[in-house]
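Written out below as structure tokens is the structure these notes cover.
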Amino acid sequence: MKDKIESVDGVRGLACLMVIFSHLSLIFFPYVFIGKMTEMHSEMEYYIYHSPITFFYSGTSAVFIFFSLSGFILTYACCKNNNVLFDSLKMTLSRYPRLMLPTLGLIMLCYIVMVITPSGFNQLNWIGGMLELKQHSFLGALYNGFVSAVLFCSVLFCDRSYNIIIWTMQVEFFGSLIIFGLTPLISQIKYKVLLLTIGALVFVCLSPSKIGCSYGSFLIGSAIYHANIKPNKLLGYFTLLIGIYFAGFHNKSNSYTLINDLLTFNAPGGRSNSYYISNMISGFLIVFSIIKAGVIQSIVTSRISLYLGKVSYSAYLIQIPVFYVISQLAFNFLSKNGLDYISSALITCVISIVSIYAISNLFYEFVDKRSIKVSKLSHKLIE
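Residue 356 in full-length UniProt numbering sits at position 356 of the sequence shown; the count goes up by one each step and never skips.
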């Protein structure tokens with residue numbers, strides 16, 4: 001099982017990098033993400049958008065990979081000691097502080113950026129104006145970090161005002177509670193995989209868009225853990241390739257016209273969103289092929305991938321303030337010194353990625369790692 005856990009860390013690290021690539025594409029090369037002709041900067045972007053290999057900047061697929069991995073690893077944590085009920089309760093108690101403390105650190109960082117940057121500071125596509133101070137306050141930032149971001153974001157209050165990406169923290173929290181509640185209930189049931197798969201389909205049918213696919217991915221990850229199968233490598237690589245194909249889905253891409261038609265249907269919860277369903281499928285197939293079939297282990301267990309996995313939570317959280325400040329400053333400097341748009345954008349992307357991981361090392365050491373220790377203090381309540 002140790003090699004599978006290392007695989008999870010490595011895959012999580014690579015998925016985080018996909019999210020960063022995704023946001024950089026939205027900032028500097030939006031055509032490859034949305035397919036709008038007025039946003040095109042070079043002819044190459046057209047061929048990239050319409051190709052079936054755009055997985056490397058599919059942030060949506062990466063998020064569903066995160067959720068599937070969470071379903072897998074949390075189920076493993078509940079079951080590994082054969083004391084499912086007790087371990088599920090321990091995990092339940094520690095989950096909120098584990099997610100809340102790094103989120104609070106991020107929100108306070110975003111608030112500092114709001115205070116020190118003047119209005120109109122960032123004029124880049126997508127992220128421009130995202131961290132304007134507006135009506136935000138120190139107390140509001142504290143509340144957002146302690147409560148709103150994790151508990152209520154995008155479900156009740158839609159409070160993503162301090163950082164647009166923290167909707168995933170809410171899904172992580174409630175998705176975790178679903179796993180912690182279900183795992184003890186089905187631990188003695190023979191057909192666990194079938195029940196979890198049906199549960200995932202129910203989520204998708206009731207909400208055939210981002211939220212339903214997100215929670216469905218948690219159950220799929222749990223089903224992957226319980227599935228007592230080991231496909232051969234040939235089938236594993238085939239599954240991985242299909243997953244990579246689904247990860248590159250764009251509604252207007254010539255490579256996905258048929259898939260778009262197949263995944264567009266009427267469900268009890270409304271009209272399906274083929275974009276999210278395709279990316280949910282990709283997350284499942286990629287995680288399954290790597291965890292169960294053991295493909296590309298030399299990549300996902302390499303030192304680089306494991307490092308990316310270690311700081312992935314920190315890197316994911318701090319990317320927006322980095323884009324807002326460092327990316328804007330770097331792009332302005334390069335543009336004013338005679339570089340064309342493409343060159344300035346590409347160099348800024350490199351600077352941004354290096355900056356994210358440099359800062360994420362600090363965030364990991366001083367915030368994320370300590371949040372793990374603090375969250376485990378809750379275990380003493382029942383030990």
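Ideal Cβ placement from N, Cα and C applies to all residues, glycine included.
Between the C-alpha atoms of Tyr237 and Ile299, what's the straight-line distance to the nearest angstrom? Position 237 of the sequence shown, counted from the start, is the residue given in the question as residue 237. Position 299 of the sequence shown, counted from the start, is the residue given in the question as residue 299. Going from the Cα of Tyr237 to the Cα of Ile299 covers about 13 Å.
### Query
Pro118: buried (16+ other C-beta within 10 angstroms of its C-beta) or exposed?
In the sequence shown, counting from the first residue as 1, residue 118 sits at position 118. Exposed, since its Cβ has fewer than 16 Cβ neighbours within 10 Å.
- Which same chain residues, not among the five before or five after Phe331, have their C-beta less than 6 Å away from its C-beta? Locating residue 331 in the sequence shown gives position 331, where the first residue counts as 1. Answer for Phe331: Ser344, Thr348, listed in chain order.
First and last residue of the uninterrupted alpha helix (DSSP H) at Met169: The residue given as residue 169 occupies position 169 in the sequence shown. It spans 167-186 - the alpha helix (DSSP H) in which Met169 sits, taken as one unbroken run.
**Item:** Beta-carbon contacts of residue 442 that lie in its chain and below 7 Å, excluding the five residues immediately before and after
**Value:** Given a span of 1 to 383 for the chain in the structure shown, any question on residue 442 remains unanswerable.
Check: Could you give the residue range of the alpha helix (DSSP H) that holds Val325?
Finding: Position 325 of the sequence shown, counted from the start, is the residue given in the question as residue 325. First-last for Val325: undefined, no H or E at that position.
- Item | Local Cβ density within 10 Å of Thr257, reported as buried at 16 or more and exposed below that | If you number the sequence shown from 1, residue 257 lands on position 257. Residue burial annotation: Thr257 is exposed, with fewer than 16 other C-beta atoms found within 10 angstroms of its C-beta.
- Could you please give me the residues that DSSP links to Asn82 through a beta bridge? Position 82 of the sequence shown holds residue 82. Asn82 is not bridged to any residue.
Hey, would you say residue 397 sits closer than 7 Å to Leu206, going by beta carbons? Residue 397 is absent from the model: the chain starts at 1 and stops at 383.
Does the distance from the C-beta atom of Phe323 to that of Ile189 stay below 7 Å? Counted from its first residue, the sequence shown places residue 323 at position 323. Counted from its first residue, the sequence shown places residue 189 at position 189. Contact check for Phe323 against Ile189 fails: the beta carbons are separated by 7 Å or more.
task = Given a cut-off of 7 Å, decide if Ser375 and Ser94 are closer than it, judged by their beta-carbon atoms.
result = Here residue 94 is taken as the residue at index 94 of the sequence shown, counted from 1. Here residue 375 is taken as the residue at index 375 of the sequence shown, counted from 1. Yes, they are a contact pair.
Which residues bound the alpha helix (DSSP H) around Asp261? Along the sequence shown, read from residue 1 onward, the residue named residue 261 stands at position 261. For Asp261, the enclosing alpha helix (DSSP H) covers residues 257-262.
Starting from the Cα of Gly309, find the closest Cα among Gly13, Ile186, Ala267, Lys210 and give me that residue. Residue 309 sits at position 309 when you count from the first residue of the sequence shown. Taking each of Gly13, Ile186, Ala267, Lys210 in turn and checking the Cα distance to Gly309, the smallest one comes out for Gly13.
| Is it the case that the Cβ atoms of Ile20 and Gln319 are separated by a distance below 7 Å? | In the sequence shown, the residue the question calls residue 20 occupies position 20. In the sequence shown, the residue the question calls residue 319 occupies position 319. Contact: yes.
Item checked: Reference Ser282, options Ser305, His250, Phe174, closest by Cα -> Looking up residue 282 in the sequence shown gives position 282. For the residues Ser305, His250, Phe174, the minimum Cα distance to Ser282 belongs to His250.
Ignore the nearest five residues each way along the sequence and tell me which others in Gly243's own chain have a CB closer than 7 Å to its CB.
As a first step, residue 243 is located in the sequence shown; it is residue number 243 there, counting from the start. Taking C-beta separations shorter than 7 Å and ignoring five residues to either side along the sequence, the partners of Gly243 in its chain run Ser282, Leu285, Ile286, Ser289, following chain order.
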